[in-house]
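**Q** Here it is, the structure in full.
Residue numbers (my numbering): 97 to 182.
Laid out in structure tokens, this is it:
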């Protein structure tokens with residue numbers, strides 16, 4: 097309906113950035129919007145990058161995970177990166 101207010105949540109993020117990383121790092125930026133409607137929730141996501149190098153959306157979560165640090169050691173894992181790219 098015209099003029100009706102819809103509750104929503106917005107989230108802005110980086111891809112390779114992590115807790116404490118500066119906003120000045122060159123990195124892909126992302127955002128998500130969640131609209132809470134009477135018919136259900138509507139989610140919208142996006143990335144800000146000049147060229148997106150992946151054609152298969154199912155591979156995106158695996159790629160992002162390969163760029164993060166391991167939770168038990170806090171270190172990046174070259175094995176995870178190499179496993180993804182091979």
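Backbone N, C-alpha and C define an ideal beta-carbon position, used for all residues, glycine too.
(1) Tell me which same chain residues have a C-beta within less than 6 Å of the C-beta of residue 108, skipping the five on either side of it?
(2) Do the CB positions of residue 123 and residue 112 come within less than 7 Å of each other?
(3) Taking the continuous alpha helix (DSSP H) assigned at residue 176, which residues delimit it?
(4) CB-CB under 6 Å to residue 142, same chain, minus the five flanking residues each way: which ones, in chain order?
(5) Short check: CB of residue 130 to CB of residue 139, under 7 Å?
(6) Cutting at 6 Å between CB atoms, please list the residues of its own chain near residue 176, excluding the five before and the five after it.
**A** Looking at the coordinates:
(1) Contacts found: 127.
(2) For residue 123 and residue 112, yes; Cβs fall inside 7 Å.
(3) Note, residue 176: alpha helix (DSSP H), 174-181.
(4) Contacts found: 127.
(5) Against a cut-off of 7 Å, the Cβ pair of residue 139 and residue 130 comes out as a contact.
(6) Closer than 6 Å at the Cβ level, and outside the excluded window around residue 176, lie 162.
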